[in-house]
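Sequences listed follow chains A and B, in order. Just so it is clear: in the first sequence, position 97 is 97 by our numbering, and no numbers are missing. Just so it is clear: in the second sequence, position 88 is 199 by our numbering, and no numbers are missing. All residues carry an ideal CB built from backbone N, CA and C; glycine is no exception. One structure is given below, encoded as structure tokens.
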Amino acid sequence: SAVISQKPSRDICQRGTSLTIQCQVDSQVTMMFWYRQQPGQSLTLIATANQGSEATYESGFVIDKFPISRPNLTFSTLTVSNMSPEDSSIYLCSVDVGEQFFGPGTRLTVL
Amino acid sequence: SQELEQSPQSLIVQEGKNLTINCTSSKTLYGLYWYKQKYGEGLIFLMMLQKGGEEKSHEKITAKLDEKKQQSSLHITASQPSHAGIYLCGADAYSGGSNYKLTFGKGTLLTVNP
């Protein structure tokens, strides 16, 4: 298993600002994933973050809007840039260690 | 692309009752995950199934992947209020299960009345 923490757990932000979400894992993992869960919806994969290379984004998500860093094998950040109310969601990171585990999520509200 | 359909969308049961949630895929499942989510929180890993006919249990929760690997069921025996939450199934999006990216169903909201 893997123990994953995320910061912040929740935030309320103003339109046009940016927020960086941190994800920390208790062991070294090759692949980390960032998901978004919009209100009342299921999870949608934003991107896959590999250490030492650029993140791979899914259709509908771009690096300018969701820049990702992966400086080492236990840590990643996701930035939500130039936010609008449509970005209000829960953002979750996950890792695959044979089974896929998720962090507790970051609940973002954009006013 | 793979789609997962969960049924029912919501379920209200009396404490002590058994219940079943289904997850049906449009394609063969190569790795099927069950998670539980409390409102507004992260996902709690329950079980992962890979082989056709595989069945796993944890406490009062049992999950099974059918032989054709296109449907999974989650069964809760003698439900308790602590079982309440949203149950999500997730599956490897690509054949062979080697890409690790998961596609999710829309979830089943379970309410257990004491």
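Sheet register partners of residue i (DSSP bridge)
i: S184 (chain B); result: B:N133 and B:K175
i: R15 (chain A); result: In the DSSP output, where bridge partners are listed per residue, R15 (chain A) has none listed.
i: R107 (chain A); result: A:R10 and A:I90
i: S76 (chain A); result: A:C23
i: Q37 (chain A); result: A:L43 and A:I90
i: F102 (chain A); result: A:S94
Rounded separation between residue i and residue j - CA only
i: Q182 (chain B); j: L19 (chain A); result: 39 Å
i: N129 (chain B); j: D96 (chain A); result: 32 Å
i: S193 (chain B); j: L220 (chain B); result: 13 Å
i: G208 (chain B); j: E86 (chain A); result: Reliability fails at G208 (chain B), whose pLDDT of 48 lies under 50, so the model's placement of it is uncertain and the value that follows must be treated cautiously. Taking the straight line joining both Cα atoms gives about 32 Å.
i: Q251 (chain B); j: G218 (chain B); result: No statement about residue 251 (chain B) is possible, as the shown extent of chain B runs from 112 to 225 and does not include it.
i: M83 (chain A); j: K138 (chain B); result: 36 Å
i: S88 (chain A); j: I12 (chain A); result: 9 Å
Test item: CB-CB of residue i and residue j under 8 Å
i: I197 (chain B); j: Q125 (chain B); result: no
i: A174 (chain B); j: L185 (chain B); result: yes
i: I90 (chain A); j: G151 (chain B); result: yes
i: F215 (chain B); j: E99 (chain A); result: no
i: S9 (chain A); j: T106 (chain A); result: yes
i: G163 (chain B); j: L176 (chain B); result: yes
i: A189 (chain B); j: K171 (chain B); result: yes
Going along the stretch 149–173 of chain B in order, which residues come within less than 7 Å of chain A, judged by CB to CB distance? G151, E152, G153, L154, F156 and M159
Which residues, in chain order, does the stretch 61–90 of chain A contribute to contact with chain B at a C-beta distance below 7 Å? I90
Which residues of the stretch 90–107 of chain A have a Cβ closer than 7 Å to any Cβ of chain B? Give them in chain order. I90, L92, D96, E99, Q100, F101, F102, G103, P104, G105 and R107
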